[in-house]
Amino acid sequence: MAFEEHEKSFAGKKIFQFPAEKIPKKKPLNKAIRLGAADDEYDLSDDHVPNQMKALAATSWAAEVDTMVVGFWGSDPTVPSDAVVKALVAHKDKLTGLRHLFVGDIHYEESELSWIEHRDLAPILSAYPSLETLKIRGGSGLRLKDVAHDSLKSLTIECSGLSQKTLKDVLSASLPSLESLELWLGNTDYGCDIKVKELDPLLSGHLFPRLKHLGLRCAPFGDALAAKLGNAPILSRINSLDLSGGTIGDKGGKALCESAAISALNELTIVYHFMSEPVSKKLKELCKGKAKIDEGDAEQEEDEDRYPDVGE
Amino acid sequence: MRRIVALINPGSRRHTLLSNALSSRNTGELAAWSWLSAATAPEQFPFEGPCFVRFDSPGQDSDVQRRLLAAGADGDLPPHAEHLSKNQALELPADRGRIVAPAQWYAGFCTTLQKIENTLRPLGVIQSHTAGQIAALFDKRKTHARCAEKGIPTPTALPNVTSFESLVETMRHVQTERVFVKLAHGSSASGVIAVSNQNGWRALTTMEIDRSQKEERFYNNRNLRMYSRTADIAKVVNYVCREGVHVEQWEPKARTRGREFDLRIVTIAQKATHIVARIGRTPITNLHLGNQRQSGEALSCILSEEQLQDCVSVAEATARLFGECMVLGVDVMLTADRKRSLVIEANAFGDLVPDVFDSKGRDTYTAWVDEVLG
């Protein structure tokens, strides 16, 4: 998985890169304000985002900013996002309108997904009690400790390896308004040490009473997950399920076909998988055309990338 | 007229380019002594009459690899290095990209080279390289030591690293937070680990740990990975240490448009002829890892004439140090402040840089043929 460029929009708004000079006198209409390294900006100092945030907080329209995107924040991919968190917390009384936040709009030339480094992002939630959307890219070091937030409706974590600790943080968070949860599980090579049974509290349906959309993407135990999901109470509570990017094959696909609740979903998305044509077809039929399932890829791609020593 | 013979893997890219070079100079067909034949029967040189033997890379052929490993089965290996018996070596199953017993491979390679040279000497063959200098070039520790001895600037080596634990200790002792840990006998980004402790221990490497088998295996993988669990970092570092390791300070390189770069400078008869800049988005700049390259006039956008001359100068000094090698591929970097040029690596067969031309419009192989004929 490689993000090749910066996102062109977030929360339904096009991006406005906060400039170094000629800061607008009025809030750019209907735009997501972006901080962090712009396209083709390199070698910025670790103070770059804090400085930008200070300048943003000093504008006359800071309180009108409802959507923010934070891009690459460091001089070096190993720099964690703490300075970003601190800056957000420091200016919470100025950025009172913030409702939708994306931390980590970083493409692979700035940093590989697996190298993006965070610490505890929970202080952001404490500082912004009216925040509705939080999207995080990067799983290494990520924590969301002791979260209790009444307004958050959507939480997304994109990463190449979600740790047990992070998962526990999310599953023990109090998020009564949460409607959409998307977690990328990832790969053991990149820090995913989660076993499928650790998702049981989520699958039991006891958590997140308002949840409507669930994404459990890039699952390394695709078949086992699908088997559990088939009978899981959560499936009858949600409208929409996304299992893209994982290792789900025919075993898992068949388990989903046998699930009573699957056909009741409004939307089933499985892009990139290992199911054969007949199984994908059956699943699509069961979901009466509301499924978005691509051709999948029955072949292991990994070996293509291995190369023998050239002997120079 | 001496017959030009290449000690090479027939059908390889190098073979094709060398053949084309010879054809373009109307020197007839390239005679090839395949590495497989040479490794199987080094005492049987298949050509008669006065010959010029061009030594070239044995890499990327699994049958040759098996033979060279077998030849090293009785070799003098480091105490805990991987070891295969002769039969195990010859019967090694195909497994693309797998890193197997590098120290044993090196021992077998050196033994075979020596046997080949012993065959060629009495025949009055002229060699493009000597066995001794190839052997030194395939050992990063020896290459580094020789350069340092002669005052050729290189990154500082960290001595006495025998394990991850001793690496941690040594780094603390010399007060450095970033090093390159390299397999002494690897090449082309095989067995190179960039280790840092700036924000917790991190290792960036092409070495993939495959845990799917009973015993863990290591592979060269185009996708750079970052290990952040110390157990994994220790695994790759310890493996490399067991096989023979060379550790250096990780010197930040000069940048062009925000990205680090270095140069591959090809020397022919000790003179720099072809230069290509390798621009990487990661610390491991080898070309085949999908990094960008720039050569010819485009180089002037990246570094000044003076800086270029400085790099050329250290490359040529290295080539003179390995004066029995007609061809050399020297990797040179400029420090971040652009004040110093450092030799990072010297490759005995480092002239595979297609699409790079000298001032006369010749690729490296054509330039080499002209040198031999001239």
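In order, the protein sequences belong to chains H and C.
The first sequence begins at 1 in our numbering and counts up one residue at a time.
The second sequence begins at 313 in our numbering and counts up one residue at a time.
Where a beta carbon is used, it is the ideal one built from N, C-alpha and C, also for glycine.
Member of the options whose CA lies at the smallest distance from the CA of residue i
i, options, result
"H/ILE234", "H/THR247, H/ALA38, H/LEU211", "H/LEU211"
"C/ALA631", "C/ARG458, C/ALA443, C/GLU617", "C/ARG458"
"H/PRO201", "H/VAL170, H/ASP223, H/ALA224", "H/VAL170"
"H/LYS195", "H/ALA37, H/PRO220, H/ASP93", "H/PRO220"
"H/GLY186", "H/LYS165, H/LYS168, H/LEU175, H/LEU216", "H/LEU216"
"C/GLU477", "C/SER499, C/PRO465, C/VAL549", "C/VAL549"
"C/CYS363", "C/THR431, C/LEU348, C/GLY371, C/SER524", "C/THR431"
"H/SER174", "H/GLU158, H/VAL85, H/LYS153", "H/LYS153"
"H/LEU310", "C/SER374, C/MET483, C/ALA448, C/SER607", "Per the sequence shown, residue 310 of chain H should be read as Val rather than Leu. For H/VAL310, the nearest C-alpha among the options comes from C/SER374."
"C/HIS392", "C/THR579, C/THR468, C/VAL557, C/ALA344", "C/VAL557"
"H/HIS273", "H/ILE293, H/ALA260, H/VAL70", "H/ILE293"
"C/SER508", "C/ILE320, C/GLU527, C/LEU479, C/SER369", "C/LEU479"
"C/ASP522", "C/HIS395, C/GLY409, C/ASP667", "C/GLY409"
"H/ILE238", "H/GLU198, H/TYR128, H/LEU207, H/GLN52", "H/LEU207"
"C/SER499", "C/ARG453, C/TYR539, C/GLY608", "C/ARG453"
"C/ARG534", "C/PRO434, C/VAL504, C/ASP670, C/ASP675", "C/VAL504"
"H/CYS287", "H/LEU265, H/ASP305, H/GLY296, H/MET275", "H/LEU265"
"H/ASP39", "H/TRP73, H/GLU64, H/ASP66, H/PRO24", "H/TRP73"
Under the three-state DSSP convention, the category residue i falls into
i, result
"C/ASN332", "helix"
"C/VAL665", "coil"
"C/LYS565", "strand"
"H/GLN300", "With a pLDDT of 49 at H/GLN300, under the threshold of 50, the predicted position of this residue should be treated as unreliable, though the coordinate-derived value follows. The answer is coil: DSSP assigns H/GLN300 none of H, G, I, E or B."
"H/LEU229", "helix"
"C/PHE421", "helix"
"H/LEU241", "strand"
"C/TRP513", "coil"
"H/LYS292", "strand"
"C/LEU685", "helix"
"C/TYR539", "strand"
"C/TRP347", "helix"
"H/LEU265", "coil"
"C/ASP544", "helix"
"C/ILE428", "helix"
"C/HIS392", "coil"
"H/LEU175", "coil"
Identified DSSP bridge partners for residue i
i, result
"C/ASN659", "C/GLY641"
"H/CYS192", "None; H/CYS192 has no bridge partner."
"H/TRP320", "The structure shown does not extend to residue 320 of chain H, since chain H is modelled only from 1 to 312, so the question has no answer here."
"H/GLN17", "H/ARG34"
"H/HIS213", "H/SER180, H/SER240"
"C/GLN439", "C/VAL365"
"C/ARG410", "C/TYR531"
"C/HIS485", "Partner(s): none; C/HIS485 has no beta bridge."
"H/ASP120", "H/ARG143"
"H/PHE10", "H/LYS13"
"C/VAL507", "C/VAL491, C/ALA515"
"H/GLU285", "For H/GLU285, which the question treats as bridged, DSSP gives no partner whatsoever."
"C/PHE476", "According to DSSP, C/PHE476 bridges with nothing at all."
"H/GLY186", "H/GLY161"
Residue i classed as buried or exposed, judged by whether at least 16 other C-beta atoms fall within 10 angstroms
i, result
"H/VAL89", "exposed"
"C/PRO471", "exposed"
"C/LYS565", "buried"
"H/TYR314", "As shown, chain H starts at 1 and ends at 312. That puts residue 314 of chain H outside it, with no answer to give."
"C/ILE316", "buried"
"C/ARG360", "For the record, residue 360 of chain C in the displayed sequence is Glu; it is not Arg. Answer is exposed; the Cβ neighbour count stays below 16."
"C/ILE587", "buried"
"H/GLU301", "Low confidence applies to H/GLU301: its pLDDT is 48, below 50, so where it sits in the model is not reliable, and the reading given next is rough at best. By the neighbour-count rule (16 or more Cβ atoms within 10 Å), H/GLU301 is not buried but exposed."
"C/LEU664", "buried"
"C/ARG378", "buried"
"C/GLY673", "exposed"
"H/TYR42", "exposed"
"H/LYS22", "exposed"
"H/SER280", "buried"
"C/VAL486", "exposed"
"H/SER163", "buried"
"C/SER335", "exposed"
"C/SER369", "buried"
"H/LYS135", "buried"
Please specify which runs of the alpha helix (DSSP H), each continuous and at least 4 residues long, are wholly inside the segment 601-637 of chain C, giving them in chain order. 617-633
Completely contained beta strand (DSSP E) runs for the segment 129-163 of chain H, where each covers 3 or more residues: 133-137, 154-158
Jot down the residue ranges of each uninterrupted beta strand (DSSP E) in the segment 39-92 of chain H, minimum 3 residues, whole runs only, in chain order. 67-71
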